[in-house]
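In the working numbering, the protein residues as written are 190 to 273.
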(Lines of atoms letter the chains of each structure in order from A; the text may use other names.)
(Lines give C-alpha, C1' and ligand atoms only; values in the text may rest on other atoms or scores of the structure.)
Protein backbone atom coordinates (compact mmCIF):
# COMPACT_ATOMS: atom_id res chain seq x y z
CA UNK A 190 0.00 0.00 0.00
CA UNK A 191 1.33 3.44 -0.93
CA UNK A 192 1.36 6.29 1.58
CA UNK A 193 -1.49 8.12 -0.19
CA UNK A 194 -3.64 4.98 -0.02
CA UNK A 195 -2.76 4.46 3.64
CA UNK A 196 -3.68 8.06 4.47
CA UNK A 197 -6.97 7.79 2.58
CA UNK A 198 -7.79 4.54 4.40
CA UNK A 199 -7.00 6.20 7.74
CA UNK A 200 -9.43 9.05 7.05
CA UNK A 201 -12.08 6.72 5.60
CA UNK A 202 -12.05 4.74 8.85
CA UNK A 203 -12.75 7.92 10.85
CA UNK A 204 -9.18 8.85 11.62
CA UNK A 205 -8.34 12.46 12.28
CA UNK A 206 -5.25 14.58 12.68
CA UNK A 207 -4.85 16.51 15.90
CA UNK A 208 -2.25 19.23 16.25
CA UNK A 209 -0.01 18.73 19.26
CA UNK A 210 0.01 21.63 21.66
CA UNK A 211 3.25 23.53 22.09
CA UNK A 212 4.99 22.94 25.39
CA UNK A 213 5.59 25.71 27.89
CA UNK A 214 9.16 26.10 29.19
CA UNK A 215 9.14 26.52 32.99
CA UNK A 216 11.65 26.81 35.81
CA UNK A 217 11.55 24.77 39.01
CA UNK A 218 9.93 27.61 41.01
CA UNK A 219 7.21 27.92 38.36
CA UNK A 220 6.42 24.19 38.51
CA UNK A 221 6.33 24.30 42.31
CA UNK A 222 4.00 27.31 42.20
CA UNK A 223 1.69 25.49 39.76
CA UNK A 224 1.64 22.34 41.89
CA UNK A 225 0.88 24.32 45.05
CA UNK A 226 -1.97 26.10 43.26
CA UNK A 227 -3.26 22.65 42.25
CA UNK A 228 -3.27 21.49 45.87
CA UNK A 229 -0.10 19.39 45.67
CA UNK A 230 2.54 19.95 48.34
CA UNK A 231 5.83 20.69 46.62
CA UNK A 232 8.95 22.59 47.60
CA UNK A 233 12.73 22.72 47.33
CA UNK A 234 14.56 20.09 49.37
CA UNK A 235 16.46 21.72 52.24
CA UNK A 236 19.22 19.07 52.13
CA UNK A 237 19.57 18.25 48.43
CA UNK A 238 20.29 21.05 45.98
CA UNK A 239 18.97 19.26 42.88
CA UNK A 240 16.02 17.45 44.43
CA UNK A 241 12.58 18.58 45.46
CA UNK A 242 9.97 17.47 47.97
CA UNK A 243 6.61 16.50 46.55
CA UNK A 244 4.05 14.93 48.87
CA UNK A 245 6.90 14.15 51.30
CA UNK A 246 8.97 12.29 48.69
CA UNK A 247 12.28 13.35 47.19
CA UNK A 248 11.90 13.77 43.43
CA UNK A 249 13.78 15.28 40.51
CA UNK A 250 12.66 18.28 38.49
CA UNK A 251 11.71 15.87 35.70
CA UNK A 252 9.36 14.07 38.07
CA UNK A 253 7.83 17.38 39.25
CA UNK A 254 7.15 18.29 35.61
CA UNK A 255 5.65 14.84 35.00
CA UNK A 256 3.28 15.26 37.96
CA UNK A 257 2.30 18.76 36.84
CA UNK A 258 1.72 17.57 33.28
CA UNK A 259 -0.62 14.84 34.52
CA UNK A 260 -2.80 17.55 36.01
CA UNK A 261 -2.44 19.77 32.96
CA UNK A 262 -3.59 16.93 30.66
CA UNK A 263 -6.74 16.53 32.74
CA UNK A 264 -7.41 20.25 32.25
CA UNK A 265 -6.52 20.06 28.55
CA UNK A 266 -3.66 22.54 29.02
CA UNK A 267 -0.37 22.45 27.11
CA UNK A 268 2.41 20.50 28.82
CA UNK A 269 5.33 21.97 30.69
CA UNK A 270 8.94 21.31 29.73
CA UNK A 271 11.76 22.03 32.18
CA UNK A 272 13.84 25.06 31.28
CA UNK A 273 17.36 24.45 32.54
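Ideal placement from N, C-alpha and C gives every residue a C-beta, glycine not left out.
A distance below 8 Å between beta-carbons, with the five flanking residues on each side excluded, links residue 220 to the following residues of its chain, in chain order: 231, 250, 253, 254, 257, 269, 271. DSSP places residue 220 in the uninterrupted alpha helix (DSSP H) bounded by 217-226. Under DSSP, residue 242 shares a beta bridge with 232, 247.
Put simply, of 244, 248, 229 the residue whose alpha carbon is nearest the alpha carbon of residue 238 is 248. Look at residue 206 here: in three-state DSSP terms it is coil, with no helix or strand label.
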